[in-house]
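K.L.:
Respectively, the protein sequence lines represent chains A and B. Numbers 1 to 202, taken from the working numbering, label the letters of the first sequence in order. Numbers 1001 to 1202, taken from the working numbering, label the letters of the second sequence in order. The following block contains the structure, expressed as structure tokens.
Protein chains: 2
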Amino acid sequence: MSFSPLVRQLMDALRVLPGVGQKTAQRMALHLLERNRPGGIQLAQTLLQAMERVGYCQRCQTLSEEPTCAQCRNAQRDDSLLCIVQSPMDVFAIEQTGYQGRYFVLHGHLSPLDGIGPEDIGLPQLLTRAQEPGVREVILATNPTVEGEATAHYIAQQLSTLPLVLSRIAHGVPLGGELELVDGGTLAHALAGRRPLISPAN
Amino acid sequence: MSFSPLVRQLMDALRVLPGVGQKTAQRMALHLLERNRPGGIQLAQTLLQAMERVGYCQRCQTLSEEPTCAQCRNAQRDDSLLCIVQSPMDVFAIEQTGYQGRYFVLHGHLSPLDGIGPEDIGLPQLLTRAQEPGVREVILATNPTVEGEATAHYIAQQLSTLPLVLSRIAHGVPLGGELELVDGGTLAHALAGRRPLISPAN
Ligand SMILES: [Zn+2]
Ligand SMILES: [Zn+2]
Chain A
1 MSFSPLVRQL
11 MDALRVLPGV
21 GQKTAQRMAL
31 HLLERNRPGG
41 IQLAQTLLQA
51 MERVGYCQRC
61 QTLSEEPTCA
71 QCRNAQRDDS
81 LLCIVQSPMD
91 VFAIEQTGYQ
101 GRYFVLHGHL
111 SPLDGIGPED
121 IGLPQLLTRA
131 QEPGVREVIL
141 ATNPTVEGEA
151 TAHYIAQQLS
161 TLPLVLSRIA
171 HGVPLGGELE
181 LVDGGTLAHA
191 LAGRRPLISP
201 AN
Chain B
1001 MSFSPLVRQL
1011 MDALRVLPGV
1021 GQKTAQRMAL
1031 HLLERNRPGG
1041 IQLAQTLLQA
1051 MERVGYCQRC
1061 QTLSEEPTCA
1071 QCRNAQRDDS
1081 LLCIVQSPMD
1091 VFAIEQTGYQ
1101 GRYFVLHGHL
1111 SPLDGIGPED
1121 IGLPQLLTRA
1131 QEPGVREVIL
1141 ATNPTVEGEA
1151 TAHYIAQQLS
1161 TLPLVLSRIA
1171 HGVPLGGELE
1181 LVDGGTLAHA
1191 LAGRRPLISP
1201 AN
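Printed below as a string of structure tokens:
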């Protein structure tokens, strides 16, 4: 009962943030209440707007408050390359390497034991997207984890009948790690050293 | 340009939280957007309410959305003890020791070089509060830092003409530290071992 009900509610609400335990939530709440109310109000308003208005790009499935995202709308990018990643954070990581192609964001990986199947991560949309004119190579940049590898393998099978080069980013990225934690240089190297999985028969 | 404008605004807004840098803000924003929108909306609404409605208790100056806080309204507590602390977090810390008296929260310490004088931390209100019927002992529990000691010393001088026992929490608390980081056992010991600074002449 040391804090008033509304202050306690704020401390509890802050714990939805990843990595924020009781002590950190207390410090955050008191910092905003005692030292930065305008910043706290700004955060509340932006958070509410973002939660209500940010959806998914119709074309690549990344987070976007517009129907299509800036990368998809940018006519300067290379339509022949389509890079498949597991999350919007991975788009951010790969953009740092200077990659200029297109993206498709899966939002997760296949996980049959958890009931997460191809439809749940948007694979039907990917199949359609990969058949659009201009696409020549699909780069599988899922995480170098067991689940990411299995997802890449499944996608490769699904796309194997299409006249596309399928490639996987090179294992310059450390096995068992998460793509977004890899430094830009390593990631650029892995991207440059991608190797074909399946080439068109012709 | 990897994230949409509203997603970037959210990442920027999250950096008002203490200890949250760019990478952590990105993870927090994507976590809420991808995995917990109800939690994000709840946080936004609670944050806005708290920033707009939480004020200060008229009696002890701690954070409270009511005119007087629960500790001040609780008729069971011991009116004879008045414990002076620097922040609402210190009230939380001292409550863990089982202390049953009253509090007065300064919101900082005297800092003449920064232009923070007695009025800025509520010392006139403290002088009034300390003269209310029933108060017999004022416990100075400011931080065991140079500034906290100087503030305690100044308050002791101001209250020295009143018929009160003035005490300082014992230096079981480590010098140079912050009160809220001290474990409950040490703090309970320090509170029990408090020593008189000035006793009434009678
Ligand atoms: Zn897009
Ligand atoms: Zn109060």
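Cβ atoms here follow ideal geometry from the backbone N, Cα and C, with glycine treated the same way.
May I ask you to report which of helix, strand or coil DSSP gives Cys-1083 of chain B?
P.N.:
strand
K.L.:
List the residues of chain A that Asn-1036 of chain B touches, going by C-beta distances under 8 Å, in chain order.
P.N.:
Val-16
K.L.:
What does the shell around ligand 1 hold, if a residue joins when its beta-carbon is under 5 Å from any heavy atom?
P.N.:
A:Cys-57, A:Arg-59, A:Cys-60, A:Cys-69, A:Cys-72
K.L.:
Give the residues of chain B in contact with Val-7 of chain A, contact being defined as C-beta atoms less than 7 Å apart.
P.N.:
Ala-1050, Val-1054, Leu-1063
K.L.:
What in chain B is Cβ-close to Leu-179 of chain A, meaning under 7 Å?
P.N.:
Those within 7 Å of Leu-179 of chain A in chain B number zero; the least Cβ separation is about 13 Å.
K.L.:
Does any heavy atom of ligand 2 sit closer than 7 Å to the C-beta of Ser-111 of chain A?
P.N.:
It does not: the Cβ of Ser-111 of chain A is nowhere closer than 7 Å to a heavy atom of ligand 2.
K.L.:
Kindly indicate which three-state DSSP category Phe-1104 of chain B falls into: helix, strand or coil?
P.N.:
strand
K.L.:
With a threshold of 8 Å, are at least 3 pairs of Cβ atoms found where one atom belongs to the segment 1072-1085 of chain B and the other to the segment 1102-1119 of chain B?
P.N.:
yes
K.L.:
Which runs of the alpha helix (DSSP H) at least 4 residues long sit entirely within the segment 1105-1159 of chain B? Give them in chain order.
P.N.:
1123-1130, 1146-1159
K.L.:
Taking Pro-196 of chain A as part of the alpha helix (DSSP H), name the residues at either end of that continuous run.
P.N.:
Segment 195-198 is the beta strand (DSSP E) holding Pro-196 of chain A; no alpha helix (DSSP H) there.
K.L.:
Does the beta-carbon of Ser-1064 of chain B, which I'm using as the reference point, lie nearer than 7 Å to any heavy atom of ligand 2?
P.N.:
Yes; taking the cut-off as 7 Å, the Cβ of Ser-1064 of chain B has a heavy atom of ligand 2 nearer than that.
K.L.:
For Asp-1090 of chain B, which three-state DSSP category applies?
P.N.:
In the structure shown, Asp-1090 of chain B sits in a helix (DSSP, three-state: H, G or I).
K.L.:
Looking only at its chain, what residues have a beta carbon closer than 6 Å to the beta carbon of Gln-1058 of chain B, apart from the 5 residues adjacent to it on each side?
P.N.:
The residues are Pro-1067, Thr-1068.
K.L.:
Would you decide whether Thr-142 of chain A is buried or exposed? Buried here means 16 or more other CB atoms lie within 10 Å of its CB.
P.N.:
Sixteen is the threshold: when 16 or more other Cβ atoms of the shown chains lie within 10 Å of the Cβ of Thr-142 of chain A, as they do, the residue is buried.
K.L.:
Taking C-beta to C-beta, are Leu-1191 of chain B and Gln-1158 of chain B nearer than 8 Å?
P.N.:
no
K.L.:
Along the beta strand (DSSP E) that carries Arg-168 of chain A, what are the first and last residues, could you check?
P.N.:
165-168
K.L.:
If we count Cβ pairs, one from each stretch, closer than 8 Å, do we get three or more for the segment 1009-1022 of chain B versus the segment 35-46 of chain A?
P.N.:
yes
K.L.:
What are the residues in the segment 1080-1099 of chain B lying within 9 Å of chain A by C-beta distance?
P.N.:
Listed in sequence order: Ser-1087, Pro-1088, Met-1089, Val-1091, Phe-1092, Ala-1093, Ile-1094, Glu-1095, Gln-1096.
K.L.:
Against Thr-145 of chain A, what residues of chain B qualify as contacts under a CB-to-CB distance less than 9 Å, listed in chain order?
P.N.:
Here the premise fails: no neighbours, minimum Cβ distance about 17 Å.
K.L.:
In terms of residue numbering, what span does the alpha helix (DSSP H) encompassing Gln-1049 of chain B cover?
P.N.:
1037-1053
K.L.:
Drop a sphere of 10 angstroms on the beta-carbon of Gln-100 of chain A, count the other beta-carbons inside from all chains shown, and report buried for 16 or more, exposed for fewer.
P.N.:
exposed
K.L.:
Whole angstroms is fine: what's the gap from Leu-179 of chain A's alpha carbon to Thr-186 of chain A's?
P.N.:
Going by the C-alpha atoms only, they are around 10 Å apart.
K.L.:
Just checking: is the beta-carbon of Leu-1032 of chain B within a distance shorter than 8 Å of some beta-carbon in chain A?
P.N.:
yes
K.L.:
Count the other CB atoms within 10 Å of the CB of Ser-167 of chain A; is the residue buried (16 or more) or exposed (fewer)?
P.N.:
Here Ser-167 of chain A is buried: its Cβ has 16 or more other Cβ atoms, across all protein chains shown, within 10 Å.
K.L.:
At a CB-CB cut-off below 8 Å, which residues of chain B make contact with Leu-66 of chain A?
P.N.:
The displayed chain sequence assigns Glu, not Leu, to residue 66 of chain A. Near Glu-66 of chain A (Cβ distances below 8 Å), the residues of chain B are Ser-1004.
K.L.:
Consider the Cβ of Gly-39 of chain A: report whether some Cβ of chain B lies at a distance smaller than 8 Å.
P.N.:
yes
K.L.:
Taking all protein chains shown into account, do 16 or more other C-beta atoms lie within 10 angstroms of the C-beta of Leu-63 of chain A, making it buried, or fewer, making it exposed?
P.N.:
buried
K.L.:
Give me, in chain order, the residues of the same chain whose beta-carbon lies closer than 8 Å to that of Ile-1116 of chain B; leave out the 5 immediate sequence neighbours on both sides.
P.N.:
Gly-1108, His-1109, Leu-1110
K.L.:
When the Cα atoms are used, what is the spatial distance from Met-1004 of chain B to Gln-1026 of chain B?
P.N.:
Note that residue 1004 of chain B is Ser in the sequence shown here, rather than Met. Each residue's alpha carbon lies about 12 Å from the other.
K.L.:
Below 7 Å on C-beta distance, what does Leu-43 of chain A contact in chain B?
P.N.:
Ala-1013, Leu-1014, Val-1016, Leu-1047
K.L.:
Shorter than 8 Å from the beta carbon of Arg-1027 of chain B to some beta carbon of chain A?
P.N.:
yes
K.L.:
Would you report the Cα separation of Gly-1193 of chain B and Val-1138 of chain B, rounded to the nearest angstrom?
P.N.:
Taking the straight line joining both Cα atoms gives about 14 Å.
K.L.:
How far does the alpha helix (DSSP H) with Val-1007 of chain B in it extend, from its first residue to its last?
P.N.:
1005-1014 is the span of the alpha helix (DSSP H), which, as asked, contains Val-1007 of chain B.
K.L.:
Less than 8 Å between the C-beta atoms of Thr-222 of chain A and Gly-177 of chain A, yes or no?
P.N.:
Residue 222 of chain A is absent from the model: chain A starts at 1 and stops at 202.
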